[in-house]
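Participant: I am attaching a structure below and will ask some questions about it afterwards.
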Amino acid sequence: MALDKVIQAILDDGKKEVERILSEGKDERNQAIREARVEAENIKLEKIQEAERYTARMRNQEIARAEIDSKKLVLKAQKDALDNIYEMVLGELGEKWSGKLIENTLAQNSSEVRDAQVYSNERDRLTVEKLARSYGGTYGGTIDCAGGVIIENNDRTVRIDYMLETVLKDIWDESVMDIASILWEVRKDG
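According to our numbering, the sequence shown holds residues 953 to 1142 in order.
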């Protein structure tokens, strides 16, 4: 019987050891599950933050892109407005250029007109023919322009451009920034 007690004691000790190992295994498993859950939650939070940063970055890029597109549209509209103003001024001046203005231009340049060819648009042809002759030059023919004249010496080495387009472009280039500033400052205040 003593052997039965020893065997029973060994079996009891074995059971206790198995229970202890199982309990430790359960504890380790529960600890691993808790750690995995914490790690999963940390990963989840990290991914959420990463997604929020990505979304914010994309939103900022879209806003920046929209602002650039908006500025491009405004600049294009401003350029179109300036182009329209330029064309309007050119048209109005072209209608008013004939007569006195051409006469004044040729009078101020009478020394260049002498023995030179003077060109104009078809509308001003008769006026320019008469004025060119009166200053000792000849009418050279018609050119495509809104108004004004071109004076060219007989050997065609010197050409003076008093076409309305050229004169207006020079003035426009010098003052377009002032014009734009005035136009869009008025709009901002108004």
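A virtual CB, placed ideally from N, CA and C, is assigned to each residue, including glycine.
#1: Give the straight-line distance between the Cα atoms of K1140 and I1134, rounded to the nearest whole angstrom.
#2: Got a sec? Which residues, its chain only, sit under 8 angstroms from S961 by beta carbon, not counting five neighbours each side?
#3: Taking DSSP as the reference, what is the three-state secondary structure of I1131?
#4: Please report how far the alpha carbon of Q933 lies from the alpha carbon of M1129, in whole angstroms.
#5: So, at 7 angstroms on beta carbons, what are the nonlocal neighbours of G1142 in its own chain, with the 5 sequence-adjacent residues on each side left out?
#6: Please report how far the alpha carbon of K978 lies from the alpha carbon of E991, in whole angstroms.
#7: Can you tell me the Cβ-Cβ gap for N1073 and I1095, rounded? I've got them flagged as a contact below 8 angstroms.
#8: Relative to the C-alpha of G1093, which candidate in K999, V1101 and E993 has its C-alpha closest?
#9: Is it buried or exposed for V1065, if we count other Cβ within 10 angstroms and need 16 for buried?
#10: Start and end of the alpha helix (DSSP H) containing A1059?
#11: In terms of residues, what are the limits of the alpha helix (DSSP H) holding T1079?
#12: With a Cβ-Cβ cutoff of 9 angstroms, do Y1087 and Y1071 count as a contact?
#13: Check whether the Cβ atoms of L1116 and G1051 sit closer than 9 angstroms, and answer yes or no.
#14: Relative to the C-alpha of S1063, which residue among G1089, D956, D1122 and G966 is closest?
#15: Spatial neighbours of V1119 within its chain, please: C-beta separation below 7 angstroms, excluding the five flanking residues on both sides.
#16: In terms of residue numbering, what span does the beta strand (DSSP E) encompassing T1094 cover?
#17: Is N1105 close to the ligand PLP? I mean its beta-carbon at under 8 angstroms from any heavy atom of the ligand.
#18: Considering just the uninterrupted stretch of the beta strand (DSSP E) at G1100, what are its terminal residues?
Facilitator: According to the data block:
#1: By one-based count along the sequence shown, residue 1140 stands at place 188. By one-based count along the sequence shown, residue 1134 stands at place 182. Because K1140 sits at a pLDDT of 48, beneath the cut-off of 50, its placement in the model cannot be relied upon, and the following sentence gives the value as read from the coordinates. Cα to Cα, K1140 sits roughly 10 angstroms from I1134.
#2: For the purposes of this step, residue 961 is taken as residue 9 along the sequence shown, with counting starting at 1. Rather than Ser, the amino acid found at residue 961 in this sequence is Ala. Annotation for A961: no residue places its beta carbon closer than 8 angstroms to its own, counting only its chain and skipping 5 residues before and after.
#3: The residue given as residue 1131 occupies position 179 in the sequence shown. Three-state DSSP puts I1131 in a helix.
#4: Since the first residue shown for the chain is 953 and the last is 1142, residue 933 is missing from the structure and cannot be characterised.
#5: Here residue 1142 is taken as the residue at index 190 of the sequence shown, counted from 1. For G1142, the predicted model reports a pLDDT of 44, less than 50, meaning its position is unreliable; a value from the coordinates is still stated below. Cβ within range, chain order: n/a, list empty.
#6: For the purposes of this step, residue 978 is identified with residue 26 of the sequence shown, where counting begins at 1. For the purposes of this step, residue 991 is identified with residue 39 of the sequence shown, where counting begins at 1. Their backbone Cα atoms lie some 19 angstroms apart in a straight line.
#7: Taking the first residue of the sequence shown as 1, we reach residue 1073 at position 121. Taking the first residue of the sequence shown as 1, we reach residue 1095 at position 143. 6 angstroms between Cβ atoms; contact.
#8: If you number the sequence shown from 1, residue 1093 lands on position 141. With distances taken between CA atoms, G1093 lies nearest to V1101 out of K999, V1101 and E993.
#9: Residue numbering aside, residue 1065 sits at position 113 when the sequence shown is read from its first letter. With at least 16 other beta carbons inside 10 angstroms of its own, V1065 counts as buried.
#10: Mapped onto the sequence shown, residue 1059 falls at position 107. For A1059, the enclosing alpha helix (DSSP H) has its first and last residue at K1052 to Q1060.
#11: Position 127 of the sequence shown holds residue 1079. Note, T1079: alpha helix (DSSP H), R1077 to S1086.
#12: Along the sequence shown, read from residue 1 onward, the residue named residue 1087 stands at position 135. Along the sequence shown, read from residue 1 onward, the residue named residue 1071 stands at position 119. At least 9 angstroms separates the beta-carbon of Y1087 from that of Y1071.
#13: As a first step, residue 1116 must be located in the sequence shown, where it is residue number 164. As a first step, residue 1051 must be located in the sequence shown, where it is residue number 99. Going by C-beta atoms, L1116 is not nearer than 9 angstroms to G1051.
#14: Here the question's residue 1063 lines up with position 111 in the sequence shown. That would be G1089, whose Cα lies nearest to the Cα of S1063.
#15: Your numbering for residue 1119 matches position 167 in the sequence shown. Leaving aside the five residues that flank V1119 on each side, the residues in its chain whose CB is nearer than 7 angstroms to its CB run, in chain order, G1100.
#16: Here residue 1094 is taken as the residue at index 142 of the sequence shown, counted from 1. Residues T1090 to T1094.
#17: For the structure depicted, the ligand PLP is absent and the ligand set is empty, with no information on it obtainable.
#18: As a first step, residue 1100 must be located in the sequence shown, where it is residue number 148. Residues G1100 to N1105.
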